[in-house]
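If you read the protein sequences in the order shown, they are chains A and B.
Per the working numbering, residue 7 is the first one in the first sequence, and the count goes up by one each step.
Per the working numbering, residue 352 is the first one in the second sequence, and the count goes up by one each step.
Here a beta-carbon is modelled for each residue, glycine too, at the ideal position from N, C-alpha and C.
Quantities reported herein were computed from a predicted structural model and do not represent experimental measurements.
Only one structure is covered here, and it is reproduced in the block below.
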Amino acid sequence: KEKHKILHRLLQDSSS
Amino acid sequence: SPNSSLTEIEHLTQNVLKSYRETCQLRLEDLQLLRWETFTKEEVGSYQKKSMEEMWERCACHITEAIQYVVEFAKRMSGFMDLCQNDQIVLLKAGAMEVVLVRMCRAFNSENRTVFFEGKYASPELFKSLGCNELINSIFDFAHSLSSLHFSENEIALFTALVLINSNRPWLQEKSKVERLQNNLELAFKHMLRKNHREGILAKLPPKGKLRNLCYQHMEKLRSFRQMYPIIVHAVFPPLYKELFS
């Protein structure tokens with residue numbers, strides 16, 4: 007998870 | 352899939368088309384309008400005089416921006432967010448750049464072999480200072496061959512959905528779930544082509560290995576660049592770009 011933290015964040019961000 | 356009704360396929364089609372329209376980054380009309388707006392000799396020269404580091408950083412930023420739109424496309428596609436997070440990441444990590452390369456054919460003028468870049472259309476020579484002429488030429492050749500298919504916006508939408516939803520990507524945890532979505536997208540794509548008498552393009556689509564190879568070449572070039580300028584990559588390249596490609 008740490009390795010892909012930005013993708014994780016983008017995927018979880020529902021406001022985008 | 353015998354379990355998917357025509358209504359289900361029609362819903363999926365509409366959803367993919369809408370998701371694509373909302374996330375296509377550049378409007379086709381705008382790209383067409385600027386189609387003959389090319390960089391002057393002086394402007395090309397000034398790009399060629401830029402340092403390798405500056406040009407790499409610029410391109411890395413543009414690629415990252417384009418990828419963010421692809422992530423958004425995926426998120427809006429029905430079925431994608433129902434996949435487990437591991438698989439969402441696997442598919443995006445393997446497919447986002449491939450989708451960017453396919454989307455690029457909209458921003459490509461095959462009549463003078465130029466691509467839209469920083470406000471105008473640019474020939475391969477403009478990218479000379481990147482130090483990867485072979486890769487740039489391969490990408491231009493690829494855009495040229497895709498352009499010859501004269502994809503409609505709807506065809507690009509479904510084709511790029513299929514580039515992304517590929518159950519053969521390694522490390523998927525719920526392969527069968529991806530497979531089902533892929534099957535439905537294939538049905539949707541073929542159904543649309545049949546309706547528009549465009550089934551002929553099926554045999555002309557680029558082989559999957561072609562896109563994979565371009566992405567591999569890009570990562571190899573990044574690796575060489577990083578060996579020369581590790582601090583630049585570390586300090587100024589977009590974090591998402593590094594996460595995906597190094």
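Same chain only: Cβ atoms within 8 Å of residue i, ignoring 5 sequence neighbours per side
{"i": "B/I487", "result": "P475, F478 and L481"}
{"i": "B/M570", "result": "F596 and S597"}
{"i": "B/N535", "result": "S352, S355, E359, I360, L363 and G430"}
{"i": "B/M406", "result": "Y398, F478, S480 and L481"}
{"i": "A/K11", "result": "none"}
{"i": "B/R464", "result": "S474, P475, F491 and H495"}
{"i": "B/T374", "result": "Y420, V421, E423, F424 and R427"}
Close Cβ partners of residue i (< 7 Å) along its chain, the five nearest in sequence each way excluded
{"i": "B/V451", "result": "I414, A417, I418 and V421"}
{"i": "B/C566", "result": "M448 and E449"}
{"i": "B/M403", "result": "S480, L481 and G482"}
{"i": "B/F431", "result": "A425 and Q439"}
{"i": "B/V388", "result": "Inspection of the sequence shows that residue 388 of chain B is occupied by Glu rather than by Val. K471 and Y472."}
{"i": "B/Q376", "result": "A417 and Y420"}
{"i": "B/A512", "result": "V367, M428 and L536"}
{"i": "B/Y580", "result": "E404"}
Within-8 Å CB hit, residue i to chain A
{"i": "B/V421", "result": "no"}
{"i": "B/E594", "result": "yes"}
{"i": "B/K426", "result": "yes"}
{"i": "B/S352", "result": "The predicted position of B/S352 is uncertain, since its pLDDT is 48 and thus under 50; no value can be drawn from it."}
Expected contact under 8 Å - CB spacing of residue i and residue j to nearest Å
{"i": "B/R386", "j": "B/N505", "result": "No, B/R386 and B/N505 are not in contact; Cβ-Cβ is about 21 Å, not under 8 Å."}
{"i": "B/S429", "j": "B/N366", "result": "5 Å"}
{"i": "B/K401", "j": "B/F493", "result": "With a Cβ gap of about 24 Å, B/K401 and B/F493 do not count as contacting."}
{"i": "B/E408", "j": "B/F588", "result": "7 Å"}
{"i": "B/L497", "j": "B/V453", "result": "7 Å"}
{"i": "B/A441", "j": "B/R520", "result": "The question names Ala, but residue 441 of chain B in the sequence shown is Val. Contact holds; Cβ gap of about 5 Å."}
{"i": "B/A458", "j": "B/L382", "result": "5 Å"}
{"i": "B/L529", "j": "B/L434", "result": "The sequence given here places Val at residue 529 of chain B; Leu does not occur at that position. Going by Cβ atoms, the distance from B/V529 to B/L434 rounds to 6 Å, so yes, they are a contact pair."}
{"i": "B/F510", "j": "B/F540", "result": "7 Å"}
{"i": "B/Q308", "j": "B/N437", "result": "No information on residue 308 of chain B is available, as it lies outside the stretch 352 to 597 that chain B covers here."}
{"i": "B/L500", "j": "B/I552", "result": "5 Å"}
{"i": "B/L443", "j": "A/L13", "result": "6 Å"}
Within chain C, the residues that residue i reaches when beta carbons sit closer than 9 Å
{"i": "B/P475", "result": "Protein chains in the displayed structure are A and B, and chain C is not among them."}
Sequence-distant residues of its chain with Cβ nearer than 6 Å to residue i (five each side left out)
{"i": "B/K559", "result": "none"}
{"i": "A/L16", "result": "none"}
{"i": "B/K572", "result": "C483 and L486"}
{"i": "B/E550", "result": "L544"}
{"i": "B/M455", "result": "A494"}
Discussion item. What are the residues in the region 436 to 461 of chain B lying within 8 Å of chain A by C-beta distance?
Written reply: Q436, Q439, I440, L443 and K444
Practice prompt. Please name the residues in the region 405 to 420 of chain B whose beta-carbon is closer than 8 Å to at least one beta-carbon of chain A, in chain order.
Written response: Q419
Practice prompt. For the region 364 to 381 of chain B, enumerate the residues whose C-beta is nearer than 9 Å to any C-beta of chain A, in chain order.
Written response: none
Worksheet item: Which residues, in chain order, does the region 577 to 593 of chain B contribute to contact with chain A at a C-beta distance below 8 Å?
Response: P590 and L591
Fill in: Runs of alpha helix (DSSP H) wholly within the region 429 to 514 of chain B (minimum 4 residues, chain order)
436 to 454 and 484 to 498
Fill in: Entirely enclosed alpha helix (DSSP H) segments - the region 517 to 580 of chain B, minimum 4 residues
526 to 546 and 559 to 579
Fill in: Complete alpha helix (DSSP H) runs within the region 362 to 423 of chain B (minimum length 4 residues, chain order)
379 to 384 and 392 to 399
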